Amino acid sequence: MLVQRLQQATSATFDDPEQFIEGIIEELLELPPEQRFEDGADVLKEHFVEEFGSLDAFDVQFPVASAILFTFLEQLLNQWAAKIARKALEVDPRHRNALLLVLAVVDVLQDVMEVIQAGIQSDDTTGEDSLPPLELNEQEKYQLGSVAIASYARLYREIKRDQNGKRLSRDALATDVLYGESGLTEVLHPNVEYPAIEELSSEERARLAIRRGALRVYKESDISVGRGAELARMTQEQFVNLLEQNDVRPNYGPDTVEELHSGPDLMNE
Numbered sequence: 001m002l003v004q005r006l007q008q009a010t011s012a013t014f015d016d017p018e019q020f021i022e023g024i025i026e027e028l029l030e031l032p033p034e035q036r037f038e039d040g041a042d043v044l045k046e047h048f049v050e051e052f053g054s055l056d057a058f059d060v061q062f063p064v065a066s067a068i069l070f071t072f073l074e075q076l077l078n079q080w081a082a083k084i085a086r087k088a089l090e091v092d093p094r095h096r097n098a099l100l101l102v103l104a105v106v107d108v109l110q111d112v113m114e115v116i117q118a119g120i121q122s123d124d125t126t127g128e129d130s131l132p133p134l135e136l137n138e139q140e141k142y143q144l145g146s147v148a149i150a151s152y153a154r155l156y157r158e159i160k161r162d163q164n165g166k167r168l169s170r171d172a173l174a175t176d177v178l179y180g181e182s183g184l185t186e187v188l189h190p191n192v193e194y195p196a197i198e199e200l201s202s203e204e205r206a207r208l209a210i211r212r213g214a215l216r217v218y219k220e221s222d223i224s225v226g227r228g229a230e231l232a233r234m235t236q237e238q239f240v241n242l243l244e245q246n247d248v249r250p251n252y253g254p255d256t257v258e259e260l261h262s263g264p265d266l267m268n269e
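This is how it looks when you write it as structure tokens:
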């Protein structure tokens, strides 16, 4: 869908938008994750320079394309998040973790895009649900851009795998969630030391990434703390602590209609 929107935004003068994006994705995912999340912006820039001569030339040819694509991607990610969250609650538990990992990547990418937006907007354009404007230096913008590009590359590849009937790359998804979180933390909280990802086992990476996916399901859905804890593979107390760390209000209500009606009948008392 993003390829189609790129084609619309740049008109027929763009030689082959799908091949263009595929080339970027392919090169990005050939890099080790630590390099991909640090230098992804350079890879994108090289492809744009090769196609258009320079980034300025792209902006001159298609002055509104970047804004159109950014807005469209925001809308697309919101749709994906809601859909994946619903599916995660309905799917066989054996397949749930893969969905939670994909959702975690979506969540990271949305957070990064929100920070990027906050870094370029002025006070009078700040929306009610937006972050306040942020002062980002060029290095921070570059780093956030690399995280966004690398995260999108992972999503693009895994969606393609799913469409072709292949299993999702769970370890790669979990790893990219953590590298995305690490890059975002380095910009927003430079004094916070993020765990050394390369020292974590694949099981530890998956556990941490699944928690982020479960937290997003909780935000998207009307489920209880107990259900959220189950998704996150945590105790209720641990999950409540996770909610508090992320400024999310715990919901202790029932998970099902049956549970709702299993208590005392107050109307007849």
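If you count the sequence shown from 1, position 121 lands on 121 in UniProt numbering, and the numbers rise without skipping.
C-beta atoms are modelled at their ideal positions from N, C-alpha and C, and glycine is treated no differently.
Predicted, not measured: the structure shown is a model, and the values here were computed from it.
For residue 33, same chain residues with a beta-carbon under 7 Å away, outside a window of 5 residues either side, are 175, 176 and 179 in chain order. Here the alpha carbons of residue 133 and residue 194 stand approximately 24 Å from one another.
Non-local C-beta neighbours of residue 252 in its own chain, meaning closer than 7 Å and more than five positions away in sequence, comprise 224 and 225, ordered along the chain. Beta-carbon to beta-carbon, residue 113 and residue 74 are separated by about 6 Å, close enough to satisfy the 8 Å threshold.
Between the beta-carbon of residue 211 and that of residue 234 there is about 7 Å, and that keeps the pair under the 8 Å contact cut. Of all C-beta pairs linking the segment 146 to 165 to the segment 32 to 51, three or more are shorter than 8 Å, placing the two stretches in contact. For the options 17, 40 and 85, the alpha carbon positioned closest to that of residue 221 is the one of 85. In the structure shown, the three-state DSSP call for residue 230 is helix. One thing to note: residue 206 has its Cβ no nearer than 7 Å to the Cβ of residue 231. Per DSSP, residue 201 lies in no alpha helix (DSSP H) and is assigned neither H nor E.
One thing to note: residue 105 has its Cβ within 7 Å of the Cβ of residue 155. Between residue 107 and residue 216, the C-beta gap is smaller than 7 Å, which places the two residues in contact.
The C-beta distance from residue 70 to residue 51 rounds to 19 Å, too long to meet the 8 Å contact threshold. A straight line joining the alpha-carbon of residue 168 with that of residue 161 spans about 7 Å. At a Cβ-Cβ threshold of 7 Å, residue 209 and residue 89 do not count as neighbours. Counting C-beta atoms within 10 angstroms of its own C-beta, residue 53 has fewer than 16 neighbours from the protein chains shown and is therefore classed as exposed.
CA-CA distance, residue 249 to residue 16, rounds to 47 Å.
Distance between residue 76 and residue 111, taken at the CA atoms: about 14 Å.
For residue 186, the closest alpha carbon among the candidates 29, 37, 25 and 99 is that of 37.
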